[in-house]
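Visitor: Shown below is the structure under consideration.
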Amino acid sequence: MSGVSVVSVTYAAERRTGGLLALVPGTGGLLTVAALGIALLLFLIIKARLQPFVALLAVSIAVGLGAGLSVTELFGTVQKSGAVSLVEAGMGGTLGHIAVIVGLGTMLGSVLEVSGGAQALSGRLLALFGARREPLAMGVTGVVFGIPVFFDVGIFVLAPIVYAAARRSGKSILLYALPLLAGLSMTHAFLPPHPGPVAAAGLLHVDLGRVILMGAAAGLPAVLAAWAYAAWIGRRLFLPVPGEMAAAAEEAKRAATAQRGPAPGKPVALGTLLAVIGTPLLLILLATFSSVAFAPSAGRSVVEFFGHPFVALTIALLLAYWLLGLRRGWSRASLEAVSTASLKPVGNILLVVGAGGVFGAVLKGSGVARALADAFAGAGLPVIVLAWLIAVALRVAQGSATVAIVTTAGIVSPLLSGGGHSQSQLALVVVAVSAGSVFASHVNDGGFWMVSTYFGIPERETLASWTVLESVLSVTGFAVAAALSAVVP
Numbered sequence: 071m072s073g074v075s076v077v078s079v080t081y082a083a084e085r086r087t088g089g090l091l092a093l094v095p096g097t098g099g100l101l102t103v104a105a106l107g108i109a110l111l112l113f114l115i116i117k118a119r120l121q122p123f124v125a126l127l128a129v130s131i132a133v134g135l136g137a138g139l140s141v142t143e144l145f146g147t148v149q150k151s152g153a154v155s156l157v158e159a160g161m162g163g164t165l166g167h168i169a170v171i172v173g174l175g176t177m178l179g180s181v182l183e184v185s186g187g188a189q190a191l192s193g194r195l196l197a198l199f200g201a202r203r204e205p206l207a208m209g210v211t212g213v214v215f216g217i218p219v220f221f222d223v224g225i226f227v228l229a230p231i232v233y234a235a236a237r238r239s240g241k242s243i244l245l246y247a248l249p250l251l252a253g254l255s256m257t258h259a260f261l262p263p264h265p266g267p268v269a270a271a272g273l274l275h276v277d278l279g280r281v282i283l284m285g286a287a288a289g290l291p292a293v294l295a296a297w298a299y300a301a302w303i304g305r306r307l308f309l310p311v312p313g314e315m316a317a318a319a320e321e322a323k324r325a326a327t328a329q330r331g332p333a334p335g336k337p338v339a340l341g342t343l344l345a346v347i348g349t350p351l352l353l354i355l356l357a358t359f360s361s362v363a364f365a366p367s368a369g370r371s372v373v374e375f376f377g378h379p380f381v382a383l384t385i386a387l388l389l390a391y392w393l394l395g396l397r398r399g400w401s402r403a404s405l406e407a408v409s410t411a412s413l414k415p416v417g418n419i420l421l422v423v424g425a426g427g428v429f430g431a432v433l434k435g436s437g438v439a440r441a442l443a444d445a446f447a448g449a450g451l452p453v454i455v456l457a458w459l460i461a462v463a464l465r466v467a468q469g470s471a472t473v474a475i476v477t478t479a480g481i482v483s484p485l486l487s488g489g490g491h492s493q494s495q496l497a498l499v500v501v502a503v504s505a506g507s508v509f510a511s512h513v514n515d516g517g518f519w520m521v522s523t524y525f526g527i528p529e530r531e532t533l534a535s536w537t538v539l540e541s542v543l544s545v546t547g548f549a550v551a552a553a554l555s556a557v558v559p
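For the sequence shown, our numbering gives the first residue as 71, with consecutive numbering after it.
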């Protein structure tokens with residue numbers, strides 16, 4: 071073969087489809103396809119304002135065709151032959167794991183929200199910590215309530231409590247809003263059943279129990295660092311409570327509660343709330359511990375059955391139906407209405423995650439992922455560092471944490487295959503990806519505008535407070551995960 075010049079497109083591999091040979095790019099061509107694909111994704115989302123699901127799907131098809139995949143490999147044939155296409159495998163394989171968890175978790179959070187659980191939790195914590203430590207109480211409320219509830223729902227439900235605490239004290243609203251936001255953001259990014267960590271765990275084939283353990287191990291120090299920054303900036307930047315937003319939030323909350331379920335009756339007991347929130351986490355962690363500590367047996371099988379995320383979340387949801395609903399006078403029709411209404415906003419999330427699975431499947435099936443893995447391996451950086459850097463770049467460029475997570479997971483997945491990584495090490499990579507996905511929330515992120523609007527923070531001050539807070543959360547969480555990866559077997 072000496073004397074044959076190296077060109078960017080070679081017959082590096084042959085792919086037969088219907089008796090035809092497809093021209094497959096070599097490593098250089100595959101890397102070019104990957105770079106152009108990511109650039110196209112950013113262009114479609116940022117400039118063309120295309121919906122992320124459509125953008126991911128379009129880029130997946132473009133990358134597959136550019137890398138030499140045939141139409142049959144991408145979509146299959148009209149006459150089903152039993153072979154599953156890459157689009158079907160990516161979408162179905164990803165959503166088959168994630169959709170059930172996200173759906174059950176969303177319904178659980180909605181019942182907690184409408185039942186008055188947030189107000190009961192925050193009220194007990196405010197009384198427990200006292201007036202001097204109200205900011206810390208708001209932060210703890212964000213962490214606990216943020217486990218089953220989406221970030222934006224947490225803001226919607228808890229904002230009036232922030233307004234009341236800040237108005238009582240006469241201090242800057244940042245002292246109370248930022249700790250709450252840090253808790254909500256950390257749980258949303260680092261812990262199941264939220265879509266981001268669940269999606270990354272599914273794409274990288276990691277046990278959710280390990281993700282919970284490693285997410286908490288990295289997330290709690292991260293949220294402490296974020297709270298420290300919140301205390302610092304809150305004392306230096308005074309912002310009053312926005313009177314019109316406080317009144318509007320109270321009215322919107324009353325209207326939403328009236329539409330979605332009965333008004334809360336007597337306050338929910340703190341022990342009841344913690345039981346409902348903690349049940350699925352405890353069952354999943356017990357199953358993970360059992361799989362490591364005990365030999366296969368009937369008892370271990372029972373523990374692992376109840377600790378499967380599908381079963382654990384179903385049990386928690388039924389428990390919430392009984393303790394927070396039926397036992398407090400809700401009708402079955404009200405429970406059904408609240409549960410059904412809660413599922414409407416998750417359609418977009420699931421489609422974006424599924425399209426991210428398609429993107430990952432196309433990257434693997436076309437050889438692009440392997441080329442990226444070889445290129446990144448040559449960079450000499452640990453996988454966990456690369457995972458965080460890629461997620462940070464995608465997050466800052468296009469704003470969506472979900473898009474950053476699913477795209478990054480598809481890119482780094484080949485770096486982990488055959489590397490002998492333990493489940494704990496893989497879980498720490500998931501944490502790194504999740505940490506990168508919250509870095510530097512700014513004007514292209516919907517969360518930025520939600521925080522600015524709900525708490526009456528001007529754009530410049532939002533950049534100085536919220537954007538930096540998210541960066542502290544991201545960097546600290548990644549630093550802890552990277553340190554743990556050096557010692558965790």
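Note that the Cβ used here is the ideal one computed from N, Cα and C, for glycine as well.
All figures in this text were calculated on a predicted structure; none of them were measured in a lab.
#1: Which residues in the same chain have their Cβ closer than 7 Å to the Cβ of residue 430, if we skip the five residues on either side of it in sequence?
#2: Scan the region 236-288 and note each continuous alpha helix (DSSP H) run of 4 residues or more that stays entirely inside, going in chain order.
#3: Runs of 4 residues minimum, wholly inside the region 487-539: which ones carry the alpha helix (DSSP H) assignment?
#4: Within 10 angstroms of the Cβ of residue 275, are there 16 or more other Cβ atoms? Answer buried if so, exposed if not.
#5: Do residue 559 and the ligand MG come close, with the Cβ less than 8 Å from some heavy atom?
#6: Spell out a yes or no on whether the region 489-505 and the region 457-469 are touching, meaning 3 or more CB-CB pairs, one atom from each, closer than 8 Å.
#7: With a threshold of 8 Å, are at least 3 pairs of Cβ atoms found where one atom belongs to the region 533-546 and the other to the region 508-519?
#8: Have a look at residue 373 and residue 366 and give me their C-alpha separation to the nearest angstrom.
#9: How big is the Cα-Cα spacing for residue 333 and residue 400?
#10: Please state whether DSSP places residue 344 in a helix, a strand or coil.
#11: Going by DSSP in three states, residue 224 sits in which element: helix, strand or coil?
#12: For residue 454, does the three-state DSSP call read helix, strand or coil?
#13: On the CB-based measure, 16 or more other CB atoms within 10 Å of its CB, does residue 402 come out buried or exposed?
#14: Thinking C-beta only, is residue 253 closer than 9 Å to residue 285?
#15: Do the CB positions of residue 423 and residue 269 come within less than 9 Å of each other?
#16: Can you tell me which of the three DSSP states residue 210 falls into?
#17: Could you tell me how far apart the beta carbons of residue 178 and residue 390 are, in whole angstroms, since I believe they sit closer than 8 Å?
#18: Which of the three DSSP states, helix, strand or coil, is assigned to residue 414?
#19: How many angstroms separate the CA atom of residue 258 from the CA atom of residue 157?
#20: What's the gap between the Cα of residue 350 and the Cα of residue 277?
#21: Which of the three DSSP states is assigned to residue 308 in this structure?
#22: Nearest to residue 290 by CA position, among 550, 223, 411 and 452, is which residue?
#23: Give the straight-line distance between the Cα atoms of residue 302 and residue 176, rounded to the nearest whole angstrom.
#24: Just to confirm, are residue 425 and residue 466 a CB contact at a threshold of 9 Å?
#25: Rounded to a whole number of angstroms, what is the C-alpha to C-alpha distance between residue 213 and residue 297?
#26: Cα-Cα, which of 541, 486, 492 and 522 is closest to residue 554?
#27: So which of 354, 540 and 299 has the shortest CA-CA distance to residue 512?
#28: Taking the alpha-carbon positions, what's the residue 130 to residue 171 distance?
#29: Please name the residue, chosen from 348, 524 and 434, that lies closest to residue 486 on a Cα-to-Cα basis.
#30: Using only the alpha-carbon positions, how far apart do residue 363 and residue 371 sit?
#31: In chain order, which alpha helix (DSSP H) runs of at least 4 residues are fully inside the region 112-191?
#32: Go through its chain and collect everything with a Cβ distance to residue 167's Cβ below 6 Å, but skip five positions before and after it.
#33: Since residue 200 and residue 242 are thought to touch, with beta carbons under 8 Å apart, how far apart are those beta carbons, to the nearest angstrom?
#34: For the alpha helix (DSSP H) containing residue 379, list its first residue and its last residue.
#35: Which value, in whole angstroms, describes the spacing of the CA atoms of residue 448 and residue 440?
Guide: Reading off the structure:
#1: Excluding residues within five positions, the ones whose Cβ falls inside 7 Å are 160, 273, 479, 480 and 483.
#2: Runs of the alpha helix (DSSP H) inside the region 236-288: 244-260 and 265-274.
#3: You should have 493-506, 516-524 and 529-532.
#4: By the neighbour-count criterion, in which 16 or more other beta carbons inside 10 Å mark a residue as buried, residue 275 falls on the exposed side.
#5: Ligands in the displayed structure: none, and consequently the ligand MG is not present.
#6: Using a Cβ-Cβ distance cut-off of 8 Å, the region 489-505 and the region 457-469 are in contact, since at least three pairs of beta carbons, one from each stretch, lie closer than that value.
#7: Taking a cut-off of 8 Å for Cβ pairs, the region 533-546 and the region 508-519 touch, as three or more such pairs fall below it.
#8: Their backbone Cα atoms lie some 11 Å apart in a straight line.
#9: Residue placement at residue 333 is flagged as unreliable, the pLDDT there being 48, under the threshold of 50; the coordinate-derived value follows with that caveat. Distance between the alpha carbons of residue 333 and residue 400 is about 9 Å.
#10: In the three-state reduction of the DSSP assignment, residue 344 falls in the helix class.
#11: The three-state reading of DSSP puts residue 224 in helix, counting H, G and I together.
#12: Residue 454 carries a helical assignment under DSSP once its states are collapsed to helix, strand and coil.
#13: The residue in question, residue 402, is exposed, as its Cβ has fewer than 16 Cβ neighbours within 10 Å.
#14: Residue 285 places its beta carbon 9 Å or farther from that of residue 253.
#15: Yes; because the gap between Cβ atoms is below 9 Å, this pair is in contact.
#16: Assignment of residue 210 by DSSP, reduced to helix, strand and coil, places it in the helix class.
#17: Contact holds; Cβ gap of about 6 Å.
#18: Taken through DSSP and simplified to helix, strand or coil, residue 414 comes out as coil.
#19: Answer to the nearest angstrom: the Cα atoms are 28 Å apart.
#20: One C-alpha to the other measures close to 14 Å.
#21: Looking at residue 308 - three-state DSSP - the assignment turns out to be coil, as it is neither helix nor strand.
#22: Closest by alpha carbon: 550.
#23: Their backbone Cα atoms lie some 34 Å apart in a straight line.
#24: The Cβ atoms of residue 425 and residue 466 do not sit closer than 9 Å to each other.
#25: Rounded to the nearest angstrom, the two C-alpha atoms are 12 Å apart.
#26: The shortest C-alpha separation from residue 554 is found at 492.
#27: Shortest Cα-Cα distance from residue 512 to any of 354, 540 and 299 involves 540.
#28: Each residue's alpha carbon lies about 25 Å from the other.
#29: It is 434.
#30: The straight-line gap separating the alpha-carbon atoms of residue 363 and residue 371 is approximately 13 Å.
#31: Here the runs fully enclosed are 122-136, 141-145 and 156-184.
#32: So the qualifying residues of the chain are 272.
#33: Not confirmed; about 19 Å, so no contact.
#34: Where residue 379 is concerned, the enclosing alpha helix (DSSP H) stretches over 379-390.
#35: Taking C-alpha positions only, residue 448 is separated from residue 440 by approximately 12 Å.
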